[in-house]
Structure formats: C-alpha cells, structure tokens
Amino acid sequence: MLKVDQLVKKFGGMTALGGVSLTLPDQSILGLLGMNGSGKTTMLNCINGLYEATSGEITLDGVSLIGKSPHAVFSEGVGRTFQVPRVFHQMSLLENLSVALLNKGLSNAEVAEISAHWLNKVELYRLRHNYAEELSGGQQKLLELARIMVANPKLVLLDEPFAGVNPGLALLLIRIIREMPKEVGCSVLLVSHDLTSVYELSDNILVMHEGKVLAEGSAEVIQSNPDVIEAYLGA
Amino acid sequence: MNELLLQGLVNGIVVGLIYALIGVSLNVIFGVLRVVNFAHGEFIVLGAYAAYFAQAWLGLSPLLAMPLVFVIFGAMGYGLYFVLVQRLSRSNDPEHASLLVMFGLSLVLGALMLLAFEADARSLNFTLDPPFLMFGNIILPTTKLLGLVVAILVTGALAFFLYRTMPGKALRAIIMNRDAIQIVGVDLNRLSALTFGLGLGLAGITGILVSMIFPSFSPFIGQDYTLIGFIVIVLGGLGHPIGAVAGGILFGLAEQTAMVFFSGTVAMLLGFVLLIAVILLRPAGLFGVQNSR
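Line by line, the protein sequences are chains A and B. When we follow this note's numbering, the leftmost residue of the first sequence carries the number 1, and every step to the right adds one. When we follow this note's numbering, the leftmost residue of the second sequence carries the number 236, and every step to the right adds one.
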C-alpha cells in the first residue's frame, strides 16, 4: 500500500505541492486528475525519488521512500513512465528491457523469457530486434511500460500514458493497465488528462488543483462535484 | 610511389588504432559523465612512464605491465570520480565546468611529471626479434605490429564489454538517456565511477602502447594526445563509443599517408582539414545522431 502524508514540495518561493495526502491500496488504480501545473507530475517525481520532498512522508508497504535515490526507489518496487517516453533509442527492444533486469540476478535465458513475455503483451515482440528509435511515439510508450513491468513492480506510476497515442494503441494500453493489478499484483497511480480513460480504469480518483487535493472519490462522485466542475471540468 | 602510399596506409592503420583507443576512452567518459576530460593526455603519458619504470625497476615487459597498469589506473579513476568528477557531473553545466577543472588538472599533472621525471624525453627499451618484417617493399616494425594486435584486442574487449555484458549495456544506456537509467534501478553514481575508472584504465594501456610505438615521450606531450583524442571523437561522433574507432583510424590514415608526400606539420594540418570537412558535412560526426539527447 502506498501512503503519501502531507507531502510538500517547494521550488524556491513557489509551492508545487502544498500538503497532499493520499492512500493507494494494493492491486488498485488511483486516477490523478488536474490542470497543467496542479502538481500531478511533481507528485510522481517525489514518489520515485527524482525530486526530494520538502516535507511530508511517503511509504510503500510501510517502507519510507523519502530521501531515496530513483534507483533505490525502483529497488523498492516502484516503476515509472513519463509523458515523453524515455527509452534507450539506439538499443533493441530486448536490450531496453534487459537493462531493467540488470540487478535482478537472472540468467540470460530468464531475462530473455521475461522480456519476450512482456513484449508479447504490448504486441511489440515481432519488433524485438529493432532499435527503439524506429518505434512510433505510442509504441515507445508501450515499450516503456513493458520495461517497468519486467521488473515485477509493486507500484506503477504512469504519467500521461495516453498523450499522443493513436486510438488503437490507446485501447491496447487501457486493456493492459486494467489487467495489471490482477495479473502482476501491482497498484497503479495514473496521471492523465484523458478523463474517459481515467473514469473507466480507476477504482478511485483524486483531483488536484494548485498543489492541493480538490476532491477525491469514485468517477460518479468526481463528475458531480461542484468544485471540480468549476475548477477543472468547466461545465 | 604506390609502395610509399601503401606504407603510409599501413602506418595509418597502426597509428589510427592508437588514436582510436585515445578517442574511445575519452568518448566513454564524455558520453556517460558529460565531463570533458582535458587531462586525458596526461594520464596517457603517466601510463607511458608507468611502463618505463615497471621495466626499469621491476624488469616487467610492457605487455606484462598492461594488466597491472589497467587495474592501478582504473582504481585511481574510480577514486578520483568521487573526489573530483562527481561534483562536476552535478553542476548545471558539466561540460564547461569540467573543461576548466580538467584543464587545471592537466596543468598540475604536467607540472608534477616535470618535477618527478624531469624534462628529458624518454624511450622504452623494447624491441622484438626480428625487429621488422618485410611484406614486399613494405616495412613493418614488429613492435608496431604487436601494438596493432594489442590495440585490436583491447578495442575488441571493450566492444564486447559495451555490447555483450549487462554493465556495458547499462553504460551505453546512460549515454542514451541519463534520466531513464536511474528509474530502472541502475546506481548512476557507481556506474559513473566505474566508467571513469575504465576510461583511465584504458588511458594507462594506451600510454604503454604509445611508449612502444612512438619514439619517445615526455611530460610535455599530454595535451597533444588530448587534442588528438578530441579530434577523433568529433570525427566519430561525440559520445558514441565505437564511432571513435572509425574516427581514429580515419585520422591516422589521413595523417600518415599525408606524411608520405608532405612534412609532418602539413600532415597534421591535413588532419585538421579533415576535421573541418566532417564538421561541415556531418556536424554530429560520422556515427553521431543529431539531437539524440
């Protein structure tokens, strides 16, 4: 279970996160909505160690993630994707996945087997020997997702997984994300502007506004919340 | 004339592979750490002195000294990373900051070598029997041939490390995307220190090859090798480990074949003309990818 308690992140005089708390139970999906600049990506960056929190606490299964470097957070079972996928462009798809298994102590055969499983899952297996730079933006997002899934994470942080992805690949992404909690046993923190996908996938939704939590609840609750309608949905 | 040209080409390949080794080690350091190691040439010269004193004091042949020098220089690089380089990597502009600091280190190392070893040029007392082989009218000194074999083996071992082992793949992954490697569980600091150690270890081995193949070395020539290293990596592609091999061989061939027809100064000048031509035609170098970072 992920617990974020009163998380504050300041950049000089600007407060990006002003005391945000959230709980994400095991094997569930929490959707994170908010306007640009509301602090969603900053939240992910604090959880996975790219940013050092100014104050507050973040724990995963009772283990504090505060002060840990990104690679140490990964070792605790946290995987992360980015709005603009960060793949290793001049490596094959198989190599991209094998790098994420570097510290797992697996044999080459095991690495190949796990990589093949996830490349099949994201429907990129036939391109396994191609360089990542040859993939479209949407395919690179699928590759990035596969790269974190090979490590069998406890928590997956997805930053705008549907941005710039064609409808066909978006449907594939939705299917994979929906199956992840049951199939792998992980929980998912999903940041997206795609309201339909977030409503469809999330067990619970949290709406952020100017670095604070504006509302929390099910899709129905969020859609009918007057504060959310005024600040975010605009209707 | 054709035989002279052929001799120049053979010399070009031998010298080019030494240049390639200089460039590869410099390129791996730059690619991973974004650190411009302006002191690289001084570490090469230190490697040459290490071979000289290993032979004079311990009676070790340069070939036997190579693994020893690689380990010692590698450990020195690993330690130096945490003392000096780590801070530079963290700065907002590591390229410029490191250029200045490493240039300072280059001057300090040059001065220390001058104090310790004096200004006289030294030569390694290393010959093989027979001293040279004849292929038709082409003369190939056996020490150069041995240097060529060692350079090929070292380059091959490095390519194997980079493309076939997991730490090597992780090292290449850092070059491609520094942020992404951290979020897949790789300890960036440890791997960066390993890279700097690898770079200096290779510089040590290159120094031994330099002492075997070139007539002499002195504390003053470090910056010449650094300059050659930078030419080679600009030719091959900044940050591209194997691009430097092509850049080194190309530069060596241009320089050595030009020497057949012109003076050494003109040959060096032609090397720079080649550099300018590549920059104009392919600004990212022969193997470089534009806007890859």
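Note that beta-carbon positions come from the ideal geometry of N, C-alpha and C, so glycine has one too.
For residue 418(B), the nearest beta carbon of chain A is closer than 7 Å to its own beta carbon. The continuous alpha helix (DSSP H) containing residue 401(B) extends over residues 401–411. Under the Cβ criterion of 7 Å, residue 107(A) is not counted among the residues facing chain B. Residue 214(A): member of the beta strand (DSSP E) spanning 212–217, first to last residue. The continuous beta strand (DSSP E) containing residue 55(A) extends over residues 55–60.
Within chain A, the C-beta atoms nearer than 8 Å to that of residue 412(B) come from 86, 87, 88, 89, in chain order.
For residue 4(A), the beta-bridge partners assigned by DSSP are 22(A), 58(A). Take residue 432(B), set aside five residues on each side of it, and the residues of its chain with a beta-carbon closer than 6 Å to its own are 309, 312, 313, in chain order. Judged by DSSP in its simplified three-state form, residue 10(A) adopts strand. Residue 359(B) counts as buried, since at least 16 other C-beta atoms from the protein chains shown sit within 10 angstroms of its C-beta. Taking a C-beta distance under 7 Å as the contact criterion, residue 98(A) and residue 129(A) do not qualify as a contact pair. By the C-beta density criterion, residue 181(A) is buried, having at least 16 other C-beta atoms within 10 angstroms. Residue 39(A) holds the alpha-carbon nearest to the alpha-carbon of residue 10(A) among 59(A), 185(A), 39(A), 71(A). The criterion of a C-beta distance shorter than 7 Å is satisfied by residue 164(A) and residue 137(A).
In the DSSP assignment, residue 209(A) falls within the unbroken beta strand (DSSP E) covering 204–209. Boundaries of the alpha helix (DSSP H) around residue 439(B): 423–448.
A check of alpha carbon separations from residue 448(B) across 391(B), 380(B), 464(B) identifies 380(B) as the nearest. When the five nearest sequence neighbours on each side are left out, no beta carbon in the same chain lies closer than 7 Å to the beta carbon of residue 223(A). Among the bridge pairs identified by DSSP, residue 191(A) is matched with 32(A), 159(A). Between residue 63(A) and chain B, the shortest Cβ-Cβ separation is not below 7 Å. The closest CA to that of residue 204(A), considering only 186(A), 111(A), 28(A), 149(A), is found on 28(A). Only exposed fits residue 498(B), as fewer than 16 other CB atoms lie within 10 angstroms of its CB. Here residue 301(B) is buried, its C-beta having at least 16 other C-beta atoms within 10 Å.
DSSP places residue 362(B) in the coil class of the three-state scheme, outside both helix and strand. Out of 221(A), 219(A), 104(A), 112(A), the CA that lies nearest to the CA of residue 152(A) is found in 104(A). One finds 88, 90, 91 in chain A with Cβ atoms closer than 8 Å to the Cβ of residue 407(B), taken in chain order. Residues are counted here when their Cβ sits less than 9 Å from a Cβ of chain A; for the segment 439–469 of chain B the count is zero. In this structure residue 457(B) is buried. Its beta-carbon is surrounded by 16 or more other beta-carbon atoms within 10 angstroms.
Contacts between residue 147(A) and chain B, judged by CB atoms closer than 8 Å, involve 419 in chain order.
Beta-bridge annotation (DSSP): residue 373(B) is paired with 370(B).
Taking residue 401(B) as reference, the option from 95(A), 8(A), 21(A), 14(A) with the minimal CA-CA separation is 95(A). With a cutoff of 7 Å on beta-carbon distance, residue 337(B) and residue 272(B) are scored as near each other.
For residue 126(A), there is no enclosing alpha helix (DSSP H), as DSSP gives it neither H nor E. Chain B places a beta carbon closer than 7 Å to that of residue 75(A), counting this residue as a contact. In the three-state scheme derived from DSSP, where H, G and I count as helix and E and B as strand, residue 51(A) is classed as coil. Taking 7 Å as the Cβ-Cβ cut-off, the segment 110–134 of chain A has no residue approaching chain B.
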